[in-house]
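Engineer: If you scroll down you'll find the structure; I have some questions about it.
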């Protein structure tokens, strides 16, 4: 999942684990195992809305994208 100010986190979940994604965070789920995966998703509202990453990025002001996705030299 990822949020503003360059915040991101990757988690590996196993059978029986519970994950939580705070409202407003971008996220994706990928099954990296060799077996089928079943996921139960719960929402705090009766309305589901999927937003493609490219749509989400296109809907943000350039300044916000520059602040959050600018490469940082180390």
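In the numbering used here, the protein residues as written are 1192 to 1265. Note that the Cβ used here is the ideal one computed from N, Cα and C, for glycine as well.
I'd like to confirm the pairing. Which residues does DSSP put opposite residue 1199 in its beta bridges?
Structural biologist: On the chain shown, residue 1199 is found 8 positions in, with the first residue counted as 1. Answer is 1193.
Engineer: Name the residue from 1205, 1258, 1196 and 1218 whose alpha carbon lies nearest to the alpha carbon of residue 1243.
Structural biologist: In the chain shown, the residue the question calls residue 1243 occupies position 52. Nearest option by C-alpha distance: 1218.
Engineer: Could you tell me which residues DSSP puts in a beta bridge with residue 1217?
Structural biologist: Along the chain shown, read from residue 1 onward, the residue named residue 1217 stands at position 26. For residue 1217, which the question treats as bridged, DSSP gives the partners 1193.
Engineer: Between which residues of its own chain and residue 1248 is the CB-CB distance below 7 Å, once the five residues before and five after are set aside?
Structural biologist: Counted from its first residue, the chain shown places residue 1248 at position 57. Counting only Cβ-Cβ distances below 7 Å, and skipping sequence neighbours, we find 1256.
Engineer: Taking residue 1223 as the reference, which of 1250, 1203, 1246 and 1207 has the closest Cα?
Structural biologist: Taking the chain shown and counting its residues from 1, one reaches residue 1223 at position 32. Checked all of 1250, 1203, 1246 and 1207; the closest Cα to residue 1223 is 1203.
Engineer: Hey, how far is the Cα of residue 1201 from the Cα of residue 1192?
Structural biologist: Taking the chain shown and counting its residues from 1, the one referred to as residue 1201 is at position 10. Taking the chain shown and counting its residues from 1, the one referred to as residue 1192 is at position 1. Distance between the alpha carbons of residue 1201 and residue 1192: 7 Å.
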